[in-house]
């Protein structure tokens, strides 16, 4: 058996020639003090960095990048760090989801247009993980994910509080008159007391777990706290591994397979993960060419017990999750019970998912529960269909009130988020605990960007009566740190002519979570008549064609591009022109 010749690297097309172009590429790189021997054909590994002081979850990434560089260099690689758009959830208005696709375009073009043989994705805050994976998937070069890690536990008056989750809890208590403004504001510093992402099982932690379950990161990447020294050890090891992946030709499409996505769906149910994972996994799958559908969440996730007892569904936080064994412990429990759909799925370290976790220890059965004593016996994301959501909607049973998962109530309608903010505080609002709050025009086109406003705060007058939860329905998303009996991602959205646009105050709505049904209790011909009236009077698009009856008000810039090209929630909210893998063929010379 003869050794195969080493695979020619992309970077050789820039640095490996003794002509005018090679001269130019090397010469300008040398102004950074890079010596000749760095251009000897070693793999060039990009470090795609979402550092920004405006993205506080990722503000420590400069230090993480230095650890990655050490790993690349010690493995004989050539590290090059480059910035990409950092779409942090906490500061960016109107929502970071509006710019997820923009960030993915930045990543895709930066990888394809530069001398990069492999890439390390530095991700953290919610949308940075899917955005970078989407962009990298469209190029399909060797790729490894390094997450920034969660914050330490929040603290308030001697007890632990969770990022985001505490905001929703304390604000409802403030509106109910249970605490005063001083008490509410005193939680600010204690909730966020170290570098890192939200320490609950919110979207950031969920997507970190998804990246690990998909096989795109090293074991334990999801849960090591941001300030734990082991986070930097993992970053260095990831840099070293990226060099080997470049030499092996272990591209992203060899890891992000159909089997990997099915594993991730099962894991999302086991950890009580965010509903946002439904949209993000669909978008990532679409870029790599995997046909993932909403029904896969029912087929694979339904019946899976939630065994991770973390807020917002449970009691603990990501710090305890790591100390209890992290995601490898969860994967081992699932695998030993035959609940890991594809244990032989490939991962970036060259081993199978099961080989990585089969001996993983678990140290705390309260945090990572045995399957026989789950937090929720059936914890997967539920897909709801019916005349109100013909293309689907989602609900997270593990974060809902069990008694409300089968419910029938009269609608109280808010035409948009501004209408909601004005109307919800009206003491004369005709609403009671059995009502169903309905929020329209907060979807991908309507908001635009599908903001996290679906977990509508309850009417203050009901909060003062001790009401803690109600059924809420919208075409919006909600933060993964939030909770409640909240139906989200209704598709088609109201602004795209979906039936949600036709709901009126007093209409009866039925929610049957177990049966996967969401129904507006009016006759079919009445629903059709209402939608026709809306289309003729307001230029609402025809849901069959997506084209407006009357031309909408045109918006320019990126927002106009977004509204024109964004897909609906059931399709992952990617741009129609971005779906698919375009590869990383070396472009023509620039001079």
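Residue numbers (the working numbering): 357 to 947. Yeah, the Cβ is synthetic: ideal placement off N, Cα and C, and Gly gets one too. Everything numeric in this text was worked out from a predicted model, so none of it was measured.
In the three-state reduction of the DSSP assignment, residue 770 falls in the strand class, which pools E and B. In this structure, the beta-carbon distance from residue 481 to residue 404 does not fall below 8 Å. Apart from the 5 residues on each side of it in sequence, residue 859 sits with its Cβ closer than 7 Å to the Cβ of 767, 769, 794, 876 in its chain, given in chain order.
Secondary structure note for residue 746: its beta strand (DSSP E) is the uninterrupted segment 745 to 751. By the 16-neighbour rule on beta-carbons within 10 angstroms, residue 417 is buried.
Our two residues, residue 520 and residue 386, have alpha carbons roughly 46 Å apart in a direct line. Residue 532 and residue 477 have their alpha carbons spaced roughly 43 Å apart. The segment 388 to 417 contains, as complete beta strand (DSSP E) runs of 3+ residues, the segments 400 to 405 (chain order).
Beta-bridge partners of residue 763 (DSSP): 867.
Counting C-beta pairs with one atom in each stretch, the segment 626 to 646 and the segment 524 to 544 have fewer than three that are closer than 8 Å, which means they do not touch. In the pairwise beta carbon analysis, the segment 787 to 807 is classified as not touching the segment 712 to 727: fewer than three pairs are separated by under 8 Å.
For residue 420, the secondary structure class from DSSP, reduced to helix, strand or coil, is helix.
Between residue 453 and residue 491, the gap from beta carbon to beta carbon reaches 8 Å or more.
A Cβ-Cβ contact shorter than 8 Å links residue 730 with residue 662.
Taking the CA atoms as reference points, residue 458 sits about 19 Å from residue 833. Pairing residue 574 with residue 603 gives a Cβ-Cβ distance that is not under 8 Å.
With distances taken between CA atoms, residue 486 lies nearest to 464 out of 469, 464, 507. Taken through DSSP and simplified to helix, strand or coil, residue 740 comes out as strand. The way I'd put it, the segment 556 to 568 does touch the segment 665 to 685; three or more beta-carbon pairs between them come closer than 8 Å. Residue 875 is bridged by DSSP to 866. CA-CA distance, residue 411 to residue 732, rounds to 33 Å. Secondary structure within the segment 605 to 630: the alpha helix (DSSP H) runs of 4 or more consecutive residues, fully enclosed, are 614 to 627 (chain order). Using a Cβ-Cβ distance cut-off of 8 Å, the segment 914 to 930 and the segment 844 to 859 are in contact, since at least three pairs of beta carbons, one from each stretch, lie closer than that value. Judged by their CB atoms, residue 498 and residue 601 are nearer to each other than the 8 Å cut-off. Put simply, of 504, 423, 605 the residue whose alpha carbon is nearest the alpha carbon of residue 496 is 605. Counting only residues of its own chain and dropping the five nearest sequence neighbours on each side, residue 886 has a CB closer than 7 Å to the CB of 858. In the displayed model, residue 439 falls within a strand according to three-state DSSP.
Per DSSP, the continuous beta strand (DSSP E) segment holding residue 503 begins and ends at 499 to 503.
Pairing residue 704 with residue 684 gives a Cβ-Cβ distance that is not under 8 Å.
Of the candidates 649, 803, 419, 364, the residue whose Cα lies closest to the Cα of residue 400 is 364. Annotation: residue 794 is outside any alpha helix (DSSP H); the continuous beta strand (DSSP E) that includes it extends over 792 to 795. Residue 818 sits in a helix when the DSSP states are folded into three classes.
If you compare the alpha carbons of 811, 513, 419 with that of residue 836, the shortest gap goes to 811.
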